[in-house]
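Everything below concerns the one structure shown next.
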Amino acid sequence: MKKFLGLMLVVVLLLSISLSFAQSLTEIKKRGKLLVGTEPTFPPFEFVDEKNQVVGFDVDIANELAKRLGVKLEIVNLPFDSLIPALQQGKIDMIIAGMTITAERAKVVDFSKSYFEANQAIVVRKDGKFEPKKLEELAGKKVAVQLGTTGDLVVSDISGINVVRFQKFTDAFLELQNGRVDAVVLDEAPAKAYVKKFPKFSISAVVDTGETYGIAVKKGNKELLNFVNQTLDILKSSGAYGKLIQKWFE
Ligand code: GLN
């Protein structure tokens with residue numbers, strides 16, 4: 496009986512150790528792949544290219560992380576508002592999705608140090624009929640956003656705006672093109688990328704929201720968070736980060 500109890504104790508201990516190490520670096524290495532969640536309609540951070548591959552600034556950072564761990568990268572495409580739940584459920588190891596560090600999100604996930612700065616932009620059709628310079632001028636209008644983004648939050652905060660929420664920015668811009676909405680509100684860098692691709696659109700204003708992007712890991716996963724922060728430091732000090740900026744933004 497004593498022997499049995501002893502054995503049970505060992506089993507319970509081993510189990511609890513393996514549970515607390517879930518998604519540890521060892522786990523990820525054992526699995527042989529790093530699972531990174533993202534939403535790929537957010538160029539130049541993550542988007543689908545001509546070869547149907549998800550590429551971009553964030554994807555290159557994800558590749559660096561996987562390379563340093565000696566594992567393959569697996570990009571997991573999800574709607575933006577499903578990323579945090581997927582992380583909490585352990586379906587992905589981290590989120591790299593141009594995700595703004597907000598106090599609300601930081602309650603449920605842990606963010607790396609910031610790796611990019613952003614503001615919101617208002618995109619309209621270029622016909623000159625409607626050129627809002629402030630968010631308040633969107634009152635009484637139909638405005639498309641991506642569900643659950645900071646763009647969604649700032650627009651939903653202003654009364655009188657008819658907010659239309661999409662899972663994909665590509666769909667939001669389709670609505671703008673077809674005249675079914677009057678504007679799209681999203682982060683400035685992707686706004687510039689869409690305007691570059693579709694000359695029918697233009698940015699009527701950039702609203703200073705002072706956002707910074709972070710990589711999110713499961714709450715309490717210090718080991719993975721430290722690894723991400725170290726890698727970001729190395730990328731910056733080695734000049735690799737600067738090269739990625741040149742590659743995707745110039
Ligand atoms: N930065 C914005 C946010 O975190 C938008 C991110 C995105 O759409 N990928 O809400």
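Each residue of the sequence shown is one higher than the one before, counting from 496 in this note's numbering. Each residue gets a CB set at the ideal place from its N, CA and C atoms; glycine is no exception.
Distance, Cα to Cα, residue i vs residue j?
i: PHE744; j: GLU631; result: 29 angstroms
i: VAL650; j: ALA678; result: 11 angstroms
i: GLU522; j: VAL571; result: 18 angstroms
i: GLN518; j: LYS695; result: 45 angstroms
i: ASN724; j: GLY674; result: 43 angstroms
i: LYS738; j: PHE552; result: 10 angstroms
i: PRO580; j: PRO574; result: 11 angstroms
i: ASP544; j: PHE661; result: 21 angstroms
i: ALA686; j: LYS663; result: 13 angstroms
i: GLY585; j: GLY646; result: 27 angstroms
i: SER513; j: GLU599; result: Low local confidence applies: a pLDDT of 49 at SER513 is under 50, so the model's placement there is unreliable, and no value is given.
i: TYR736; j: PHE499; result: 55 angstroms
i: ALA601; j: GLN548; result: 30 angstroms
i: LEU669; j: LEU568; result: 31 angstroms
i: GLN615; j: GLY623; result: 20 angstroms
i: VAL550; j: LEU502; result: 50 angstroms
i: ALA561; j: GLY734; result: 18 angstroms
i: VAL640; j: ILE729; result: 35 angstroms
i: SER654; j: MET594; result: 25 angstroms
i: PRO627; j: VAL680; result: 11 angstroms
What residues match up with residue i in a beta bridge as DSSP calls it?
i: SER654; result: None; SER654 has no bridge partner.
i: ALA613; result: GLU706
i: LYS637; result: ASN657
i: VAL712; result: MET589 and ASP605
i: LEU681; result: ALA616
i: ALA700; result: ILE617
Within the same chain, show all residues whose beta-carbon is closer than 7 angstroms to that of residue i, passing over the 5 residues directly before and after it, in chain order.
i: ARG620; result: LEU671, LYS695 and PHE696
i: ILE656; result: LEU633, ALA634, LYS636, VAL638 and VAL650
i: VAL690; result: VAL618, PHE696, SER697 and ILE698
i: ASN716; result: GLN518 and ASP605
In chain order, what residues of the same chain have a beta carbon less than 6 angstroms from the beta carbon of residue i, not counting five sequence neighbours either side?
i: ASP682; result: ALA613
i: VAL712; result: MET589, ASP605, LEU719 and LEU720
i: SER732; result: none
i: THR665; result: THR536
i: ALA557; result: VAL531, LEU568 and ILE591
i: VAL701; result: ASN614, ALA616 and GLU683
Going by beta carbon distance, what residues of the same chain come within less than 8 angstroms of residue i, once the five residues before and after it are set aside?
i: GLU718; result: SER519 and LEU520
i: ASP555; result: LEU739, LYS742 and TRP743
i: ALA592; result: GLY532, THR533, GLU534, PHE537, PHE540, GLU541, ASP553, PHE575 and LEU578
i: VAL603; result: ILE579, GLN583 and LYS714
i: ILE596; result: PHE606, SER609, GLU706, THR707, TYR708 and GLY709
i: GLY565; result: LYS524
Looking at the C-beta of residue i, does it have a partner C-beta in chain D at a distance below 8 angstroms?
i: TYR610; result: Protein chains in the displayed structure number just one, and chain D is not present.
Next on the checklist: Going residue by residue through the segment 519-602, where are the continuous alpha helix (DSSP H) segments of at least 4 residues, counting only ones entirely within it?
Outcome noted: 520-526, 552-564, 578-583 and 598-601
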